[in-house]
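Enquirer:
Protein chains: 2
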Amino acid sequence: MLQVSRKVDYALRAAIYLAAQGQGRLVPANEIAESRRIPKKFLEKIIKDMQRAGLVTSYRGAQGGYTLARSSDRISFRDVIEAVEGPIALNVCVNEGHDCSVMASCNMQRVWREGQRRMLEFFAGTTLADMNPRIFLNTSVEAAV
Amino acid sequence: MLQVSRKVDYALRAAIYLAAQGQGRLVPANEIAESRRIPKKFLEKIIKDMQRAGLVTSYRGAQGGYTLARSSDRISFRDVIEAVEGPIALNVCVNEGHDCSVMASCNMQRVWREGQRRMLEFFAGTTLADMNPRIFLNTSVEAAV
DNA sequence: TAATACTAGACTAAATAGGTCGGAATTAAT
DNA sequence: ATTAATTCCGACCTATTTAGTCTAGTATTA
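Just so you know, the protein sequences line up as chains S and R, in that order.
Per the numbering used here, the very first residue in the first sequence carries number 20; after that it's consecutive.
Per the numbering used here, the very first residue in the second sequence carries number 20; after that it's consecutive.
1. Tell me, which residues are paired with valine 99/R by DSSP?
2. Kindly confirm or deny that the stretch 58–75 of chain S and the stretch 94–107 of chain S touch, where touching means at least three C-beta pairs closer than 8 Å.
3. In this structure, how does DSSP classify valine 113/R when only helix, strand and coil are distinguished?
4. List the DSSP bridge partners of threonine 86/S.
5. Counting only the same chain and skipping the five closest in sequence on each side, list residues whose C-beta sits under 7 Å from that of asparagine 114/S.
6. If you drop the 5 nearest sequence neighbours on each side, which residues of the same chain put their C-beta closer than 6 Å to that of leucine 17/R?
7. Beta carbon of asparagine 110/R, beta carbon of glutamine 22/S: below 8 Å?
8. Using DSSP's beta-bridge definition, name the partner residues of valine 27/S.
9. For threonine 146/S, which beta-bridge partners are listed by DSSP?
10. Once the 5 residues before and after histidine 117/R are set aside, which same chain residues still bring their CB inside 8 Å of it?
11. Counting only Cβ-Cβ distances shorter than 9 Å, please list the residues of the stretch 69–88 of chain S near chain R, keeping chain order.
12. Can a CB atom of chain R be found closer than 8 Å to the CB of methionine 20/S?
13. List the residues of chain S that alanine 108/R touches, going by C-beta distances under 8 Å, in chain order.
14. Might you give, ordered along the chain, the residues of its own chain that have their beta carbon closer than 6 Å to the beta carbon of aspartate 92/S, omitting 5 neighbours on each side?
15. Name the chain S residues whose beta carbon is nearer than 8 Å to that of glutamate 104/R?
16. Helix, strand or coil: how does DSSP classify valine 121/S here?
17. With a threshold of 7 Å on Cβ separation, who are the neighbours of isoleucine 35/R within its own chain once the five nearest residues in sequence on each side are excluded?
18. For methionine 122/R, which of Ser24/S, Asp28/S and Arg129/S has the nearest alpha-carbon?
19. Is it buried or exposed for arginine 89/S, if we count other Cβ within 10 angstroms and need 16 for buried?
20. Could you pull the start and end residues of the alpha helix (DSSP H) that methionine 20/R belongs to?
21. Write down the C-beta distance between arginine 137/S and arginine 137/R rounded to the nearest angstrom, noting that I regard them as a contact closer than 8 Å.
22. State the Cα-Cα distance for the pair arginine 56/S and serine 124/R, rounded to the nearest angstrom.
23. Which residue wins for smallest C-alpha separation from alanine 81/R, given the options Ala48/R, Gln42/R, Leu87/R and Lys26/R?
24. Along chain R, which residues have their Cβ under 9 Å away from the Cβ of phenylalanine 61/S?
25. Any residues in the stretch 117–148 of chain R with a beta carbon nearer than 8 Å to a beta carbon of chain S? Which ones, in chain order?
26. Going straight from the alpha carbon of serine 10/S to that of threonine 76/R, what length do you get?
27. Quick one: what's got a C-beta closer than 6 Å to glutamine 128/S's C-beta in the same chain, skipping five residues either side?
28. For a contact defined as C-beta to C-beta under 7 Å, what are the partners of aspartate 28/S on chain R?
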């Protein structure tokens, strides 16, 4: 339906929450889940995805928890989206190596590519730091308000 | 998965095919289905959606078929997408009247809105006529090539 | 009246979304 | 050493959506 999944939404909520806590502070899943209204067990899996993508670091055991692996202004929406959903492709025919049966006569590929390029450009330019209440760094988002 | 459905893809293939045949010529479902590799019965339902949205006109009986309801340069990708999928909302919280539980502290809504605005702007600016082989009218698509 | 087309609605198989469950492994504090 | 806090892991589950198919029409024309 051309809509982001709950997974992406939850991942970003969590990432933004971690960003607000400051890199370094270890935040347990419970706290994130409760404060951002995310099912805890589901959240754990989602954060694991972000960890695998190198966005989050985790520590087990008592006093353990999660923290951002790098500063919030170097983690973009695109990073988070792709961490949990894999690479974005607006249509199957935009994938590398995909061979569309009607490609020669269809001409749509270029449209999907360009639409996707614009979307990615925007999501890559918006970072977790931009979500910090009050201070918005991304001028393109700023300009839209 | 943030990807357009087969339905949207088929709808656009069909619409582009109709555009290429010229408004006025009645094209039967069979011809569209075969030439664009779309399951016929599925196609009929999809075209019905486009008809309900006022994009296509149909005529029953022998020599019947489908044709565009207006000229191809006045039917955009956005028109077709919304005809078969309903209004686009990049995230649930962008919908009118939706009340997000963590909205006050989340700040993401503005990002989805702006991302969506950019996407729609592009899809609304790209028409079926732009898909005519060789002649591309939409300069923004043109520029991307 | 036969052939060609679209129409309507029920049905279905497979995939995806959105989780849940139960416990094992790890660590810090007591 | 024990316990409590915490992540990690894999299997499981269920509802919804996707991508169609099937059957039985109705309308139109030659």
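Where is the CB? At the ideal position from N, CA and C, for every residue including glycine.
From a predicted model like this one, the values you see are computed outputs, not experimental measurements.
Expert: In terms of the structure at hand:
1. Per DSSP, none; premise fails for valine 99/R.
2. yes
3. helix
4. Thr76/S
5. Ala108
6. Limits of chain R in this structure are 20 at one end and 164 at the other, which puts residue 17/R out of reach.
7. yes
8. In the DSSP output, where bridge partners are listed per residue, valine 27/S has none listed.
9. Ser95/S
10. Val111
11. none
12. yes
13. Gln22
14. Thr146 and Ala148
15. Met20 and Leu21
16. coil
17. Leu147 and Met150
18. Asp28/S
19. exposed
20. Here methionine 20/R belongs to no alpha helix (DSSP H), and DSSP marks it neither H nor E.
21. 6 Å
22. 12 Å
23. Ala48/R
24. The premise fails here: phenylalanine 61/S is roughly 15 Å from chain R at the closest Cβ pair, so nothing lies under 9 Å.
25. Ser120, Val121, Ser124, Cys125, Asn126, Met127, Arg129, Val130, Trp131, Arg132, Glu133, Gly134, Arg136, Arg137, Met138, Phe141, Phe142 and Thr145
26. Absent from the structure is residue 10/S, since the part of chain S shown begins at 20 and ends at 164.
27. Cys112
28. Asn110
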